[in-house]
Amino acid sequence: MSVRLSARLACVACYVPTGSVVADIGTDHAYLPVYLVRNRIVDRVVAGEVTRGPYRIAIEAVRTAGLDSQIEVRLGDGLQVIYPGEVNVVVLAGMGGRTICGILASGRSVLERLERLILQPMRDAAMVRHWLVQNGWQMTDEDMVYEDNHFYVVIVARPGREKITDSVVFELGPRLMENRSAVFRRFLLKRRADIGAVLRELQTVRGTRVMEKSFRLQREADKIEEVLNSWPSEQRT
31 MSVRLSARLA
41 CVACYVPTGS
51 VVADIGTDHA
61 YLPVYLVRNR
71 IVDRVVAGEV
81 TRGPYRIAIE
91 AVRTAGLDSQ
101 IEVRLGDGLQ
111 VIYPGEVNVV
121 VLAGMGGRTI
131 CGILASGRSV
141 LERLERLILQ
151 PMRDAAMVRH
161 WLVQNGWQMT
171 DEDMVYEDNH
181 FYVVIVARPG
191 REKITDSVVF
201 ELGPRLMENR
211 SAVFRRFLLK
221 RRADIGAVLR
231 ELQTVRGTRV
241 MEKSFRLQRE
251 ADKIEEVLNS
261 WPSEQRT
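Quick note on our numbering: the sequence shown kicks off at 31 and runs consecutively.
Set out below in structure tokens:
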């Protein structure tokens, strides 16, 4: 069984340390676990699913790949499918940021024994970043890929303290701002255009909430402009 990952999952796989023991929560078709074992990145994966349909699909995928002895598919909610200390890396990919935060909050005993989190929120990435900083996790890396007309962010974190006071940094991503990838620049250009369109619409509306939203968006637009202007000229392609 040959597994070819989407660009989104391939980006996630890049941040799985060789030789680690991984839990892939919300594994869907078990694409990531099969890929990690097949490519000898890891020897063992726990694949978790909360509903029986995807759970059965994942079991069949692992069985078809002949990897039953290395990938264990478990049925359960979030981090409840693993024991504290059983794995040292947890992947939460392909779900909303609010869902990711809920799973993390309900699995603190597991988190205490982890070395790395690899998170790929489909939306509300700022919420995930807030949760990490407020709960003793340091973002060590961030990445972004563009696939099927969408920008996807990957957040990598380890236990540690990090201080971020600027709300816009939570929105854009501190490591993305430092790494300055070409994909992130495309994202910033699009985000700047989208904010500009919203601000023009809001000019015709009155009210306190509208003013607050306009102020918040203008701050983000100014920060984006600052980041784009600091980009090395040779990389502005």
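C-beta atoms are modelled at their ideal positions from N, C-alpha and C, and glycine is treated no differently.
Just to confirm my understanding: we take residue i, look at its own chain, exclude 5 residues before and 5 after, and list those with CB closer than 7 Å. What are they?
i	result
Leu247	Ile225, Val228 and Leu229
Leu66	Ala43, Val46, Val52, Val72 and Val75
Arg221	Ile254
Ile130	Leu122, Leu149, Pro151 and Val158
Asp107	Val80
Arg216	Tyr176
Val117	Val51, Val52, Ala53 and Val76
Trp161	Cys131 and Leu134
Glu242	none
Glu201	Ala156 and Glu250
Contact defined as beta carbons within less than 8 Å: I believe residue i pairs with residue j. What is the distance between those atoms, to the nearest angstrom?
i	j	result
Val158	Asp171	So it is not a contact: roughly 14 Å between Cβ atoms.
Val121	Asp54	5 Å
Val184	Ala37	That pair is no contact at about 11 Å.
Met281	Pro204	The requested residue 281 does not occur in the structure, where the chain is confined to residues 31 to 267.
Gln150	Tyr182	6 Å
Val163	Ile194	6 Å
Gly127	Ala155	6 Å
Val92	Val64	7 Å
Arg249	Val198	6 Å
Could you pull out every residue in the same chain whose Cβ sits closer than 8 Å to the Cβ of residue i, ignoring the five residues on either side in sequence?
i	result
Arg82	Leu105
Asp58	Glu79, Pro84, Ile87, Ala88 and Gly124
Pro114	Ser139, Val140, Glu142 and Arg143
Asp98	Val92
Val33	Tyr61, Val64, Tyr65, Arg68 and Ala95
Arg188	Glu145, Arg146, Leu147, Trp167, Gln168 and Thr170
Determine the extent of the beta strand (DSSP E) in which residue i is found, giving its start and end residues.
i	result
Gly83	No beta strand (DSSP E) holds Gly83; the alpha helix (DSSP H) holding it covers Arg82 to Ala95.
Val235	First-last for Val235: undefined, no H or E at that position.
Leu105	Ile101 to Leu105
Ala53	Val51 to Ile55
Glu79	Arg74 to Glu79
Leu122	Val119 to Met125
Specify, as a first and last residue, the run of the alpha helix (DSSP H) that residue i falls within.
i	result
Val64	Tyr61 to Arg68
Ala42	Note on residue identity: the sequence assigns Val, not Ala, to residue 42. Looking at the DSSP string, the run of the alpha helix (DSSP H) that includes Val42 is Ala37 to Cys44.
Please list, in chain order, all residues of the same chain as residue i whose beta carbon is under 6 Å from its beta carbon, the five residues on each side excluded.
i	result
Asp173	Cys41 and Val184
Glu102	Val76
Mind pulling the beta strand (DSSP E) runs of 3 or more residues that sit fully within the stretch 133-213?
-> Whole beta strand (DSSP E) segments, 3+ residues: 146-151, 167-177 and 180-189.
How do the stretch 138-156 and the stretch 78-96 stand: do at least 3 beta-carbon pairs fall below 8 Å, yes or no?
-> Contact check between the stretch 138-156 and the stretch 78-96: fewer than three CB pairs, one atom from each, fall below 8 Å, which does not count as touching.
Taking contact to mean at least 3 C-beta pairs separated by less than 8 Å, is the stretch 253-261 in contact with the stretch 198-216?
-> The answer is yes - the stretch 198-216 touches the stretch 253-261, with three or more Cβ pairs under 8 Å.
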